[in-house]
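S.K.: Could you have a look at this structure, given as structure tokens, before my questions?
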Amino acid sequence: MDAGTKLIGIFGHPVHHSLSPLFMNEALKSLEINCAYLAFDVEGGRLDGAIRALKTLGWVGSNVTIPHKQAAAALVDSLSEDAAAIGAVNCIVNRGGSLEGHNTDHLGFVEPLRERGLALEGSTVALIGCGGAARGVLYALAKEKAAKVYLINRTEKHAREFIAWAGESLGYRTIDYIGGYGGAGGNAALGRAVGEARLVVNTTPVGMHPLGESSPIPRGIAFHEGALAYDIIYNPFKTEFLRSAVLGGAAALNGLPMLIHQGLHSLALWFPERGPEIFALRAKLLRLAAGALGEPGEPGEPGSCPLGTKGCIFLIGFMGSGKTTVGKILARRLGASFFDTDSLIEERAGMPVPELFATRGEGTFREMERNLLRELSTRSRKRGSRPALVIATGGGLPCSEENLSLMKETGTVVYLRAAADDLIRRVGDGKSRPLIRKLAEGGDLREGIAKLLADRERFYLQADLVVANGLDARPLDAVSRILEKLEMPGGKE
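Residues 3 to 495 in the working numbering are what the sequence shown lists, from first letter to last.
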């Protein structure tokens, strides 16, 4: 720090446990921004003075955490559309002496779901709690067009007020209050809601450190395969709520990715000109924060709990064969996590694949592919009769005996096959793809693709399954054929 160092704060009570200073200062350091992020324990009666000090001292802004988010909304000069609708502020921007209140919690909540390929539109959700955090979650659910929400809360009065707020502020009225739990009747209603829900979200502090052995869901409530349990708590890393969900066959996600995402969106509000660089730090910051909690950090599947024994599906094929599109749908059908190896490599390298090829060479890229494949293979597990991971690989990744053998050993390999003419029509002129650009420079693009495809098919055709996915096929058709050949029920899209 020096005389030119600018300041950003986080106001909460208590706040000593927060991981935000750790990863936010690392982000500022990586971005080479001369700014420090500091935590301040601010009791309720002092919040007004703390927020006014942002103007007086010329701070960049601040984050706001429990229990001040709703109170802060009344203390800023203006509110963003999101913050006004939610009625809570978790990020304040000092814009030339005018304090803008924003809410990035809803973005932090939904983006880890998108990373897993889980679409909320038309889904049923069980929401536990109706405090300030639940408001941000419901706002996200409403924006993503969730069809129905079951509200679980101990206090009926607060639940009814929450439902009224949702209708008046969000225009969202498909919420059923099913009570809390305790008696046999309450548990029966809770069991039906959890059993029906595609997503079960805990927004309460029940299970948070140091009371890690408690859960908002009583024992005996059964989760189902294909469901996702999402706990916005991140300490402990695996709460009792998530452990119970995994035992019932559900997937699990904790609140650490949400914390990182909301922080990145806050940084983007304070330093809008650095947006792309900020979001490229996601995987790095996630590993740092997970390490601080004594966990290894799992890029690509942040905050998820072990799901059982080995098992995953690898989708292989030439570029343009539809691996990513099919993979995301397949993962949703199976309730599995979805990874795209090229996207993960871009996150780790901090640059797009074409730039990586240009600056560090294809050899470096292939080495990163091999290392990533080994890492994912060690984490490939199976949940009951369903794979836990669906992985779309780069076109060249399976084209070595070492890589292909490892894939076949740890999972089911599916080749999405398309003719050269179909591939050309899908990839277009290929200017953003280094390999296609190289082939085009060598002469006839179709001839180049056809030759390379023929060379690679000696590896591709060693797959456990070959599924046609040409231009005359829909992605849903390919998914249905994969599930049929694997004899797996796929649920409903």
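All C-beta atoms in this analysis are idealised placements derived from N, C-alpha and C, irrespective of residue type, glycine included.
Give me, in chain order, the residues of the same chain whose beta-carbon lies closer than 7 Å to that of Ala421; leave out the 5 immediate sequence neighbours on both sides.
M.R.: Along the sequence shown, read from residue 1 onward, the residue named residue 421 stands at position 419. Closer than 7 Å at Cβ, skipping near neighbours: Gly472.
S.K.: Could you check what DSSP says for Ala135 in three-state terms: helix, strand or coil?
M.R.: Start at 1 with the first residue of the sequence shown, and residue 135 comes out as number 133. Ala135 falls in the helix class under three-state DSSP.
S.K.: What residues in its chain sit with their C-beta under 6 Å from that of Asp79, if we drop five residues either side in the sequence?
M.R.: Position 77 of the sequence shown holds residue 79. Within the same chain, Asp79 has close Cβ partners Ser100 and Leu101.
S.K.: According to the neighbour-count rule (16 or more other Cβ atoms, all chains shown, within 10 Å of its Cβ), is Leu255 buried or exposed?
M.R.: Within the sequence shown, the letter at position 253 stands for residue 255. The residue in question, Leu255, is buried, as its Cβ has 16 or more Cβ neighbours within 10 Å.
S.K.: Would you mind stating whether Leu153 and Leu192 have Cβ atoms separated by less than 7 Å?
M.R.: The count along the sequence shown starts at 1 and reaches residue 153 at position 151. The count along the sequence shown starts at 1 and reaches residue 192 at position 190. Against a cut-off of 7 Å, the Cβ pair of Leu192 and Leu153 comes out as no contact.
S.K.: Per DSSP, what kind of secondary structure is Glu227 in: helix, strand or coil?
M.R.: In the sequence shown, the residue the question calls residue 227 occupies position 225. Of the three classes helix, strand and coil, the one that applies to Glu227 here is coil, per DSSP.
S.K.: Tell me which residues share the same chain as Leu244 and place their Cβ nearer than 7 Å to its Cβ, disregarding the 5 neighbours each side in the sequence.
M.R.: Counted from its first residue, the sequence shown places residue 244 at position 242. Closer than 7 Å at the Cβ level, and outside the excluded window around Leu244, lie Ala231, Asp233, Ala254, Asn256 and Cys307.
S.K.: Would you tell me roughly how many angstroms separate the C-alpha atoms of Pro259 and Asp342, rounded to the nearest one?
M.R.: Within the sequence shown, the letter at position 257 stands for residue 259. Within the sequence shown, the letter at position 340 stands for residue 342. Pro259 and Asp342: Cα-Cα distance of roughly 18 Å.
S.K.: Rounded to the nearest angstrom, what separates His229 and Met409 at their Cα positions?
M.R.: Within the sequence shown, numbered from 1, the residue matching residue 229 stands at position 227. Within the sequence shown, numbered from 1, the residue matching residue 409 stands at position 407. In the sequence as displayed, the identity of residue 229 is Ala instead of His. Using only the alpha carbons, I get a separation of about 26 Å.
S.K.: Cα separation between Leu346 and Ser22?
M.R.: On the sequence shown, position 344 is the one that residue 346 refers to. On the sequence shown, position 20 is the one that residue 22 refers to. Computed Cα separation, rounded: 24 Å.
S.K.: Could you tell me which of Trp272, Leu115 and Pro356 sits nearest to Arg200, measuring between CA atoms?
M.R.: Translated into positions along the sequence shown, residue 200 becomes position 198. Measuring from the Cα of Arg200, the nearest candidate turns out to be Leu115.
S.K.: Does the distance from the C-beta atom of Pro238 to that of His263 stay below 7 Å?
M.R.: Here residue 238 corresponds to residue number 236 of the sequence shown, with the count starting at 1. Here residue 263 corresponds to residue number 261 of the sequence shown, with the count starting at 1. Taking 7 Å as the Cβ cut-off, Pro238 and His263 do not qualify as a contacting pair.
S.K.: Since Ala87 contacts Ala75 with CB under 8 Å, what's their CB separation in whole angstroms?
M.R.: Within the sequence shown, residue 87 is the residue found at index 85, counting from 1. Within the sequence shown, residue 75 is the residue found at index 73, counting from 1. The pair is not a contact, with the Cβ atoms about 11 Å apart (cut-off 8 Å).
S.K.: Between the C-alpha atoms of Phe111 and Leu122, what's the straight-line distance to the nearest angstrom?
M.R.: The residue you call residue 111 lines up with position 109 of the sequence shown. The residue you call residue 122 lines up with position 120 of the sequence shown. So the two alpha carbons sit approximately 12 Å from each other.
S.K.: When the Cα of Arg335 is compared with those of Ala456, Glu348 and Ala390, which residue comes out closest?
M.R.: For the purposes of this step, residue 335 is taken as residue 333 along the sequence shown, with counting starting at 1. Selected option, being the one with the closest Cα: Ala390.
S.K.: Rounded to the nearest angstrom, how far is the Cβ of Ile331 from that of Leu478, given a contact under 8 Å?
M.R.: Taking the sequence shown and counting its residues from 1, one reaches residue 331 at position 329. Taking the sequence shown and counting its residues from 1, one reaches residue 478 at position 476. Indeed, because the Cβ distance is near 7 Å, the residues count as touching under 8 Å.
S.K.: Which class does Leu485 belong to by DSSP, given the choice of helix, strand or coil?
M.R.: The count along the sequence shown starts at 1 and reaches residue 485 at position 483. Three-state DSSP puts Leu485 in a helix.
S.K.: Roughly how many angstroms lie between the CA atoms of Ala292 and Ala351, to the nearest whole one?
M.R.: For the purposes of this step, residue 292 is taken as the residue at position 290 of the sequence shown. For the purposes of this step, residue 351 is taken as the residue at position 349 of the sequence shown. Their backbone Cα atoms lie some 19 Å apart in a straight line.
S.K.: Run the CB neighbour count on Gly302, radius 10 Å, all protein chains shown included, and call it buried at 16 or more, exposed below.
M.R.: Counting from one through the sequence shown, the residue named residue 302 turns up at place 300. Residue placement at Gly302 is poorly supported in this model, since its pLDDT is 33, which falls under 50; the coordinates still yield a value, given next. Buried, since its Cβ has 16 or more Cβ neighbours within 10 Å.
S.K.: For the beta strand (DSSP E) containing His104, name the first residue and the last one.
M.R.: For this step, residue 104 is matched to residue 102 along the sequence shown. Run containing His104: Ser100 to His104, per the beta strand (DSSP E) assignment.
S.K.: My understanding is that Ile10 touches Val62, with C-beta atoms under 8 Å, so please give their C-beta distance in whole angstroms.
M.R.: On the sequence shown, position 8 is the one that residue 10 refers to. On the sequence shown, position 60 is the one that residue 62 refers to. Between Val62 and Ile10 the Cβ distance is about 5 Å, and since that is below 8 Å, they are a contact.
S.K.: Hey, how far is the Cα of Ile426 from the Cα of Ala285?
M.R.: Along the sequence shown, one-based indexing puts residue 426 at 424. Along the sequence shown, one-based indexing puts residue 285 at 283. Looking at the two C-alpha atoms, the distance is approximately 33 Å.
S.K.: For Val139, would you say it is in contact with chain D, using Cβ-to-Cβ distances shorter than 7 Å as the test?
M.R.: Reference to chain D is not applicable here, since this structure consists of a single protein chain.
S.K.: For Arg385, count neighbouring C-beta atoms within 10 Å of its own C-beta (all shown protein chains included) and say buried if the count is 16 or more, exposed if not.
M.R.: Taking the first residue of the sequence shown as position 1, residue 385 is located at position 383. Note that Arg385 scores 45 on pLDDT, short of 50, meaning its location in the model is unreliable; the coordinates nonetheless yield the value given after this. The residue is buried, with at least 16 neighbouring Cβ atoms inside 10 Å.
S.K.: Between which two residues does the alpha helix (DSSP H) holding Asp50 run?
M.R.: Translated into positions along the sequence shown, residue 50 becomes position 48. First-last of the alpha helix (DSSP H) with Asp50: Leu49 to Thr58.
S.K.: At which residue ranges does the region 227-266 contain complete alpha helix (DSSP H) runs of 4 or more residues, listed in the order of the chain?
M.R.: Those alpha helix (DSSP H) runs which fall completely within the region 227-266 and span 4+ residues are 242-249.
S.K.: What residues are listed by DSSP as bridge partners for Leu418?
M.R.: The count along the sequence shown starts at 1 and reaches residue 418 at position 416. Paired residues: Val469.
S.K.: So, with DSSP's three-state summary, where would you put Thr176?
M.R.: Counted from its first residue, the sequence shown places residue 176 at position 174. Here Thr176 sits in coil by DSSP.
S.K.: Classify Asp423 as helix, strand or coil using the three-state DSSP reduction.
M.R.: Residue 423 sits at position 421 when you count from the first residue of the sequence shown. Helix, per DSSP.
S.K.: I believe Val203 touches Val248 by the beta-carbon criterion, under 8 Å. Please report the beta-carbon distance rounded to the nearest angstrom.
M.R.: One-based indexing of the sequence shown puts residue 203 at position 201. One-based indexing of the sequence shown puts residue 248 at position 246. In fact, because the Cβ distance is near 16 Å, the residues do not count as touching under 8 Å.
S.K.: With a threshold of 6 Å on Cβ separation, who are the neighbours of Ile165 within its own chain once the five nearest residues in sequence on each side are excluded?
M.R.: The sequence position of residue 165 within the sequence shown is 163, counting from 1. Once the five neighbours on either side are set aside, the close Cβ partners of Ile165 are Ile177.
S.K.: In its own chain, which residues sit with a C-beta less than 6 Å from the C-beta of Ser482, not counting the 5 before and 5 after it?
M.R.: Position 480 of the sequence shown, counted from the start, is the residue given in the question as residue 482. Here the set comprises nothing.
S.K.: Mind checking which residues open and close the beta strand (DSSP E) that includes Gly14?
M.R.: Taking the first residue of the sequence shown as 1, we reach residue 14 at position 12. Per DSSP, Gly14 belongs to the beta strand (DSSP E) from Lys8 to Gly14.
S.K.: What's the call for Gly313, buried or exposed, on a 16-neighbour Cβ count within 10 Å?
M.R.: One-based indexing of the sequence shown puts residue 313 at position 311. Flag for Gly313 reads buried.
S.K.: Give every residue of the same chain whose Cβ lies closer than 7 Å to the Cβ of Phe340, excluding the five residues on either side of it in the sequence, and list them in chain order.
M.R.: Position 338 of the sequence shown holds residue 340. Contacts found: Arg118, Gly119, Gly329, Lys330, Ala333 and Val392.
S.K.: Express the C-alpha separation of Glu349 and Arg448 in angstroms, rounding to a whole number.
M.R.: Here residue 448 refers to the residue found at position 446 of the sequence shown. Here residue 349 refers to the residue found at position 347 of the sequence shown. Cα-Cα distance, rounded: 31 Å.
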